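2 protein chains.
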Amino acid sequence: MDANPVLAEAMRGNWVENRHRGAFAILDAEGRIVAAAGDIERAIFPRSAIKSMQALAIFDHHADDRFHHTPEELALACASHHGEDVHVTRVSALLERLGLSEADLECGAHPPTNPAARDALRATGRQPSPLHNNCSGKHSGMLSVALAMGVPTAGYVSRQHAVQRAVRRAVEAVIGEPLTEDRCGTDGCSIPTWAAPIRAFALGFARMATGQGLSAGHATAARTLFDVATAHPHLVAGTGHFDTLVMEAFGGRVMHKGGAEGVQCGAIRDKGWGYALKCDDGNMAASQAMAAALLLEFAGPDAQQRQVLEAFARQTLKNVRSTAVGELHAVLHEFDAKR
Amino acid sequence: MDANPVLAEAMRGNWVENRHRGAFAILDAEGRIVAAAGDIERAIFPRSAIKSMQALAIFDHHADDRFHHTPEELALACASHHGEDVHVTRVSALLERLGLSEADLECGAHPPTNPAARDALRATGRQPSPLHNNCSGKHSGMLSVALAMGVPTAGYVSRQHAVQRAVRRAVEAVIGEPLTEDRCGTDGCSIPTWAAPIRAFALGFARMATGQGLSAGHATAARTLFDVATAHPHLVAGTGHFDTLVMEAFGGRVMHKGGAEGVQCGAIRDKGWGYALKCDDGNMAASQAMAAALLLEFAGPDAQQRQVLEAFARQTLKNVRSTAVGELHAVLHEFDAKR
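Residue numbers (the working numbering), protein chains in the order written: chain A, 35 to 373; chain B, 35 to 373.
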């Protein structure tokens, strides 16, 4: 198998220090490749990048009719939030409305991703709770699905639980590929994660952006989810994060979501294109540089959007004394545009 | 240029999530290749992996005669220490004997690498000082060189300063390659770092292990430095660190030192072999897995040494709830042994 191309590299002084390989695909909703690099048939774990696909289960099982999720709560269902007050408060409110509490979350606890929120929590002497887990919004949404299905919530993270089977079916329908036991793992937040080809995830995002190739219910739900996520970018990640800044800059034109270990997915909605990208070695900063370069090239950014993207496509590296010592940047010329 | 081979991969469940490429060389002191993989002529930044080579300048300029560095202080000159009390206290004592203080260190301040030491410092409300910088032992050694040379200590981290010119000459002599301005950067601790071929660093470690190919002064100094580093492995890194555990297990037979961004160097002293390894993407855990596999294969470990190495050659990956969800492991079959 050929190696994927180098899509980002880190310079120190005048010499390359690190090389990051990867693959990406940009597809339209009919499966036509707009652009691609590397092995796009390689199955990758999408991790948190497909939370918006997983959230379709909320609509499939009419949890939204019963619990009337607010737009903000749906945005949090698509989120890897940073544990800031605004995130924690809203997740907590949804759980209360569901008649549940943080004790029902099975995602585990970790300190807030946002450094200020982490320091503030530490200053109180309290331990992190599952509410601070970046996935607590998604898990609250999954708990609403369990209630709507009339099944016990306990064990909802298990591969065999009705909720995860519902999530699996929704994702399979959107990406047009079976999710199989021979390429399955457990995510950071304890739910299953299923590997599938990069191409299939790009197709899924194109379908969600356009409604083409989806059931009427999924098409409507997908539009709602992309609308709420792009209307509330701060809820989908947090202060200063790439996903938040990109969606703020594009004002609804771009849905974007990263996933652990160097996954970046999204849709250029007005063009009807979906994209998926994986950095082979799992480096997040490098994957953001690659995604920024992809959007610079294919999303037709205006001057302000370009400025946001360029800060990630070329990231200054600093040393202990905060001296600029190098740069992590996307390697644009490797992009194998097929337009 | 061909891609380097995959030398480590991370599994999640039953599927590969990340791939880490790299190159390594094991050489004897006459430059014969014992084993190698990937492009060993590629120039890499050795970073902290060659602190023992840099410490030769202490002997070249007779700073040892004047200041009588203890074995522990010399071990710290070769160290990326973890800011534990034993590290900070000893560095502080050397500086005092030199008539200097932490204010003379130009490495910058960062919190201790050791989590317990970091928490303990935080609990006092004090800020990290340059003494906690993992490089403070090396910098104190460099300050002793400045004093021995009779030059101002201020600016000793600069590429043009007499100390850094002395360090550069020592490294060039050991690796048998010029260090050139066209491949130079600034290290995390603000001193210059010079890129050179992986093969040359492996050769340099073989020469330091044997004395062959070195001046009489360098041969003696190298033996002293490898002796003190392997006699005090806890000073060279810290509690639980790969470098420390490896050297403790091998009891003097193996000198080992990692460097930032996935560099691993060392010597199998009784065989007279030096080695150098770089993970292309800079991932430290992956580079440790690779180095552990290299030592398993080539250092002739006994049962206890094997146990230490295997824990790094196969590292369990856990999620937020501490459930084992995968494994980062070296890919041994890619190793292109030429013995």
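Think of the CB as a built atom: it goes at the ideal place given N, C-alpha and C, for glycine as much as any other residue. Bear in mind the structure is a predicted one, so any value in this text is a computation, not a measurement.
Under the three-state reduction of DSSP output, D62(A) falls in the strand class.
Here E331(B) is near L366(B), since their CB atoms are less than 8 Å apart. Chain order gives the chain A residues near S224(B) as N353, V354, R355, T357, V359, where near means a beta carbon separation below 9 Å. Of E75(B), G308(B), I74(B), the smallest CA-CA separation from A333(B) is found for G308(B). For P226(A), the secondary structure class from DSSP, reduced to helix, strand or coil, is strand. The Cβ of C299(B) sits no closer than 8 Å to any Cβ of chain A. Counting along the chain, the unbroken alpha helix (DSSP H) around T264(A) starts and ends at 250-265.
Taken through DSSP and simplified to helix, strand or coil, V365(B) comes out as coil. Straight-line measurement puts the Cα of G296(B) at about 16 Å from the Cα of Q349(B). Among the bridge pairs identified by DSSP, M45(B) is matched with V50(B), E361(B). Inter-residue distance for P105(B) and G247(B) is about 25 Å (C-alpha atoms, whole angstroms).
Within 7 Å of the CB of A37(A), the CB atoms of chain B belong to A37, in sequence order along the chain. G142(B) sits buried, since 16 or more C-beta atoms from the chains shown fall within 10 Å of its C-beta. Taking CB atoms only, D153(A) has no neighbour in chain B less than 8 Å away. Taking the CA atoms as reference points, F58(A) sits about 6 Å from K312(A). At a C-beta separation below 7 Å, E295(B) has these neighbours in chain A: E51, N52. Identification of residues in the segment 167-178 of chain A having a C-beta nearer than 7 Å to some C-beta of chain B yields N167, given in sequence order.
DSSP, reduced to helix, strand and coil, places H95(A) outside both helices and strands of the structure shown, so it counts as coil. For F79(A), the closest Cβ of chain B is nearer than 8 Å. I209(A) carries a helical assignment under DSSP once its states are collapsed to helix, strand and coil. A distance of 8 Å or more separates the beta carbons of A109(A) and L279(A).
Within the segment 221-247 of chain A, D221, G222, C223, S224, T227, A229 place their CB atoms closer than 8 Å to a CB of chain B, listed in sequence order.
DSSP places R160(B) outside both helix and strand once states are collapsed to three, so it counts as coil. Not a single CB atom of chain A sits nearer than 8 Å to the CB of H116(B). Between the alpha carbons of E206(A) and Q338(A) lies a distance of about 36 Å.
Counting along the chain, the unbroken beta strand (DSSP E) around T220(A) starts and ends at 218-220. Looking at the backbone, the Cα of M176(B) and that of T147(B) are separated by about 22 Å. Rounded to whole angstroms, V185(B) and A200(B) show a C-alpha spacing of 12 Å.
Secondary structure note for K352(A): its beta strand (DSSP E) is the uninterrupted segment 348-352.
Under a criterion of Cβ atoms nearer than 7 Å, the residues of chain A adjacent to G47(B) are, in order, C218, G219, T220. With a 10 Å radius around the Cβ and a threshold of 16 neighbouring Cβ atoms, T244(A) comes out buried.
When DSSP reads this structure, C141(A) sits in no beta bridge, so it has no partner. Interface annotation, A44(A): in contact with chain B, CB-CB separation under 8 Å. The three-state secondary structure of P231(A), taken from DSSP, is strand.
R217(A) and S114(A) have their alpha carbons spaced roughly 23 Å apart. Across the segment 313-327 of chain A, CB contacts with chain B closer than 8 Å involve D314, D315, G316, N317, A320, in sequence order along the chain.
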